[in-house]
Each structure stands twice: as C-alpha cells, then as structure tokens.
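Number 308 marks the last residue of the sequence shown (the working numbering); no jumps. All C-beta atoms, glycine included, are put in the ideal place defined by N, C-alpha and C.
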Amino acid sequence: MNSDGEKCESCNNASCPAKHQRPDESREAFLERRAIAERLCRIRHKILVLSGKGGVGKSTVAVNLALCLSQAGRRVGLLDVDIHGPSIPRLLRLEGSPVQATGKGIMPVEAGMMKVMSIGFLLDRRETAVIWRGPMKMNLIRQFLKDVEWGDLDYLVIDSPPGTGDEPLSVCQLIEDADGAVVVTTPQELALDDVRKSVTFCRSLELPVLGVIENMSGLVCPRCGERIDVFKRGGGKRLAEEMGVPFLGEIPVDLGVMAGGDCGRPVVVAERDSSAAQRFCDIAKALDERLEGAGTTVSKA
Ligand code: ADP
C-alpha cells in the first residue's frame, strides 16, 4: 500500500481503490481521486441522471426523483453538474441562494429535507453564459465532488451534462462507485438514437444502466381527455428491450410538470396526487427497492 493511502481514515476497507495509487497515476491525481472518494464514501447510493441530448427533461426528472426519495424519508442530496445549463436552482426556486464555505467544505443549500449544490449558485445572474474551456470545466466538476460537504446521505442524485462528451465522461469517471445511470429520453427516433449512444457510453465505462425513462410520452387533453402522442410513444420501452436494460416508466407531457418547473415547485410537491407525480414516485420507489432491497422502503413522512 502506498504510505499516503494509510492516511485515508474514511473506512477500514483496505481494498478500497482510493487507498492505492495506480501505477499509471501521478501523485497529484491519486490524492485528488482519494479526496473525492473520501467525500463520497459517506453516501450510500449515487445515481447519475443522463440524457443523450438537452431538453428532454433530464433536470426535471432528476429533481422530481430526488424529491420523491426525500419524501419517502431517505437522506438525499441533489448535485447539478450540468455546467452549461444549470437549471436546478430555478426548478427549486433557490436562485441566488448564498453558498457558504466552512472549514469542512462548501455547504449545500437546503431545500426542505434535501441538500442541493449547483454551479448555478456560483453564477450571479441567470443569463450568465458559462464559456469555459475543457480543463476549467473538469476542474470545476472535480472541485464540486471534492469540496461539497454532504455529510451522510442515502442518495446523491447527480444531474449530469447531456450527451456523451468530455463532461459526462469526467463525471462518470470521477464517481468511481456510482450505482448506475438513469437515462432520460423522449419517444421520437431522433432522441432515441442519442439514447443508444448513452447506453453504449455507460457500457464502455462499466457503469450499470439502472433504466430508461421515457419523458414527454403522450399528452392527455385536459378538455376532452383524449390522448395525443405528440412525440410518438413507446420508443423508450422498445429501445430498453432492444438494448437489454430495464425500462423504468413513462412520464406524460403534463402542464403541472411544466408549470412546476417554471415556478420552482416541482410537480411532486405542488400536485402530489396528480398522475404525473405518481409516475415519478413509482419510478423512485422502484429504484429505491432495487438499490436498498425490497421491504426497506421508508414510509411517507
Ligand atoms: P433538460 O435537463 O433535459 O435540458 P429540462 O428538465 O430543463 O430538460 O426540461 C426542459 C423543459 O421541458 C422545461 O421547461 C421543463 O419544465 C419541461 N418539461 C420536462 N418534462 C416535462 C413533462 N413531462 N411535461 C411537460 N413539460 C416538461
């Protein structure tokens, strides 16, 4: 064991990869990797929310799933590392929240029982475009993972940058022991092509795919009740079957989901009994049962 490795006091697990410097790793890279592992090892489950492209509802899904887990009594953190479109502060009406740094690290912002950290908290105006070059982005993501003081959590839900480029790649690589990824798509072929890439991306990184969610799957007319499949329907399920990964469920195009995003009160809080909220909670429950084991679901507060 590298002598530095013995200083990691997070756990007694001698086989933890964070205790050993890899042969091809610089000392600096090793210490950084270990610092991230020390922070994250107090979090039992890490779920990455990915999408093949922007605008499919990835952040909306991340927020609502995290809130459902929190409502079910789990200790939940939500981390927004979508550097170019950090929408979590807005989705939770937390824009402008001051971020405090203490001797322990950067303290997450509290949203009810949930802890939240986003690059958006560090930008002073909503319109500010983040134009950073690759290495700066990587450093920021690394710093987030290394410095945020989450404490003990059951779940960290990570809203990752869209696509399969450098940013989601570093997020997946830096979180070495993630439980897996939830891939969000919309039903039309164009989006599905990107999801195929996302699933292949996860496989190449040996990151389990926890499942695919088909968002914006049909619209029920509020006047006549007729269902209109605006972006088609069922493509997410077919794709999941084709790729041999679980299908977690469909979320319809829903005015409550959209309004909840705009006003900062997500649908699972604002309209908890609506069918869209129920869909999110069913998916969160299925994930919780899968990761925690059936029968351990905490009852609603
Ligand atoms: P992404 O993170 O993939 O870029 P967002 O979560 O920011 O996407 O969602 C993009 C827009 O679509 C937001 O205005 C959001 O409120 C809306 N939206 C997402 N899912 C739904 C849905 N199921 N029904 C209605 N609007 C939705």
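Could you check what DSSP says for residue i in three-state terms: helix, strand or coil?
i	result
residue 20	coil
residue 236	coil
residue 295	helix
residue 290	helix
residue 182	coil
residue 173	helix
residue 58	strand
residue 300	coil
residue 166	strand
residue 280	coil
residue 154	helix
Could you tell me whether any non-hydrogen atom of the ligand ADP is closer than 6 Å to the CB of residue i?
i	result
residue 67	yes
residue 1	Residue 1 lies beyond the range of the chain shown here (8 to 308); nothing can be said about it.
residue 202	no
residue 172	no
residue 261	yes
residue 62	yes
residue 258	yes
residue 83	no
Nearest-angstrom Cα distance between residue i and residue j?
i	j	result
residue 292	residue 103	32 Å
residue 32	residue 298	31 Å
residue 35	residue 142	15 Å
residue 10	residue 162	Interpretation of residue 10 is limited by its pLDDT of 42, a score under 50 that renders its predicted location unreliable; the figure taken from the coordinates is listed afterwards. Approximately 31 Å, taken between the alpha carbons.
residue 221	residue 57	12 Å
residue 185	residue 111	23 Å
residue 339	residue 287	Absent from the structure is residue 339, since the part of the chain shown begins at 8 and ends at 308.
residue 151	residue 72	21 Å
residue 84	residue 233	38 Å
Mind checking whether residue i and residue j have CB atoms under 7 Å apart?
i	j	result
residue 79	residue 153	no
residue 259	residue 218	no
residue 204	residue 59	yes
residue 126	residue 169	no
residue 63	residue 191	yes
query = Curious, which full-length alpha helix (DSSP H) runs of at least 4 residues does the stretch 60 to 146 contain?
reply = Within the stretch 60 to 146, the complete alpha helix (DSSP H) segments of 4 residues or longer fall at 65 to 78 and 95 to 98, listed in chain order.
Within the stretch 19 to 54, ranges of the alpha helix (DSSP H) (whole runs, at least 4 residues) = Segments of the alpha helix (DSSP H) lying fully in the stretch 19 to 54: 34 to 47.
task = Could you name each continuous alpha helix (DSSP H) segment of 4 residues or more that falls completely within the stretch 200 to 271, going from the start of the chain to the end?
result = Unbroken alpha helix (DSSP H) runs of no fewer than 4 residues, entirely contained in the stretch 200 to 271, are found at 242 to 250 and 262 to 270, following chain order.
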